[in-house]
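Quick notes on the structure that follows.
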Amino acid sequence: MAGRLAINGGIPVRSRQWPLWPQPAPRALKALSEVLHSGRWSVSGAYRGVETFDRRFARAFAAYNGVAHCVPAASGTASLMMALEACGVGAGDEVITPGLSWIASASTIVGANAVPVFADIDPHTLCIDPEAIGELVTSATKAIVVVHLYSAVANLERLGALASRHGLRLIEDCAQAHGATYHSQRVGSFGDVGTFSMHHTKVLTSGEGGAAITSDHDLARRMEHLRTDGRCYSNTVPKIGEMEVLETGELMGSNRALSEFQSALLIEQLADLNEQNALRRRNAELLDHLLTEMGFQPQQSSLGTTSRTYFNYAVRIHDGELSHVNITHVAQALSAELGLAIRPTYAPLYANRLYNPCARRRFAISAEYLSRIDPSRFDLPVSQRAARRTLTFHHAALLGDAADMMDIATAFGRVLEHGGELHA
Ligand SMILES: *Cc1c(COP(=O)(O)O)cnc(C)c1O
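The sequence shown begins at 7 in this note's numbering and counts up by one.
Following this line, the structure appears as structure tokens:
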């Protein structure tokens, strides 16, 4: 039947493939092969006469972000754990973080035996609302973990001022924002520590991986110990066959190191990042224009943002439109038109079924602690409402051309027009 939505058996807007992600850099295979035959696959392997890829990547990524230090790590989660502990967050401390983010934003805080305190978000940027933070600060608060979500940069000016006024550490979770800038300076370099994920989905990836950056020498040294089982690189070149990491015992750590394969791959992938970010930005700007004309409200970034990085494209349905339909159903209708996964935002953390710390024995430290980390004590209306009205899709779809953006806009227009075909 003409005009029927694809989800109801109509002809979809598009059947062409979308760009594949990840995309290997031109010299990725050569770099991986070099590690394969090097006799050194890990930081904590014997020195073979050449610098580790871990050190080379750390130098390249620190330079890219304009900071003095980078400590590569096994994942974004591992990087956040190192950052929190290096900043002195521990048992019973409170850490303020946004109510809308990926699970790791909360699971890492309880992972350090601290208490996540969720702050509501700004409805336009979907990032933590500085206005909401003040009243959450108590004598137990140690840090703020800000997340630059989807394609936005949080209001770093206000957050920096808040953190210093209250004597709190500021950690920037840049897992979704590699390369974004604020006042022409890279995100991750504003807080005490900036953390990154190089997971498969992220804009810079080695399948799994992460990194923490900082300008503070002591924080960097603590993070290195925390990720290398209490060891750190020696300042002198070791003899061939000797360990390159020294057992200082300065600070007990865990093994959260990145393998040499991943570091070598990241050095190559990093060379493509700026160009891919620019392409995504150009396509996103075109899509912003097309969707805004139909009344949709694309995610905005904070005033002061000079360059955005698109991890996900996020757009809000305007009030009064499709209000009878569950957002999941709208997302499914769009996915069917496009052959592309369109999803609602994350569920607010306190209502996310993946975040359930009270079910884990390791957090049953005391009845008091369990009640402090109980997610059900939170209720954040702006996060809740954004989650009910916002659609997102992965950045791979922004690596195409203008015709791809037209397809996306056409699908949004069609679902809006035929919303009556969708059931509540
Ligand atoms: C992906 C992500 C993480 C966690 O990174 P992993 O590499 O999956 O551990 C943390 N925070 C945010 C905002 C993320 O998107």
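Even glycine gets a Cβ: it sits at the ideal position worked out from N, Cα and C.
- A Cβ-Cβ distance of about 37 Å is found for the pair Arg-288 and Ala-263, leaving them out of contact under the 8 Å criterion.
- Per DSSP, the beta bridge partners of Val-101 are Pro-122 and Ala-149.
- Under DSSP, Pro-136 takes part in no beta bridge, so it has no partner.
- Linking Ile-177 to Met-88 through their CA atoms gives a straight-line distance of about 11 Å.
- Exposure of Leu-42 is indicated by the presence of fewer than 16 other C-beta atoms within 10 angstroms of its C-beta.
- In the structure shown, the three-state DSSP call for Ala-217 is strand.
- Asp-179 sits in a strand when the DSSP states are folded into three classes.
- Ala-342 places its beta carbon less than 8 Å from that of Ala-12.
- Here the alpha carbon of Ala-31 sits roughly 27 Å from the alpha carbon of Ala-320.
- Remark: the shortest separation between the CB of Lys-208 and any heavy atom of ligand 1 falls under 7 Å.
- For Ser-313, the beta-bridge partners assigned by DSSP are Thr-187.
- Closest in C-alpha terms to Leu-142, from the list Ala-169, Val-116, Thr-131 and Arg-192, comes Ala-169.
- Apart from the 5 residues on each side of it in sequence, Arg-314 sits with its Cβ closer than 8 Å to the Cβ of Ser-157, Ala-158, Val-159, Ala-186, Arg-287, Ala-290 and Ser-307 in its chain, given in chain order.
- With a threshold of 16 other beta carbon atoms within 10 Å, Asn-71 meets it and is buried.
- At a cut-off of 7 Å, the beta-carbon of Gln-282 does not count as near ligand 1: no heavy atom of the ligand is closer than that.
- Rounded to whole angstroms, the gap between the alpha carbons of Tyr-316 and Leu-328 is 26 Å.
- An exposed status is given to Glu-423, since fewer than 16 other beta-carbon atoms sit within 10 Å of its beta-carbon.
- DSSP, reduced to helix, strand and coil, places Cys-364 within a helical segment of the structure shown.
- Linking Ile-371 to Cys-364 through their CA atoms gives a straight-line distance of about 10 Å.
- One alpha carbon belongs to Tyr-375, the other to Val-116, and they sit about 10 Å apart.
- Around the Cβ of Asp-380, a 10 Å sphere holds fewer than 16 other Cβ atoms; the residue is exposed.
- If you look at Leu-225, you'll find it isn't in any beta strand (DSSP E); it sits in the alpha helix (DSSP H) that goes 223–233.
- Comparing alpha-carbon positions, the option among Gln-29, Pro-244, Met-249 and Phe-196 lying closest to Asp-179 turns out to be Phe-196.
- Out of Phe-124, Glu-40 and Ala-125, the CA that lies nearest to the CA of Glu-266 is found in Glu-40.
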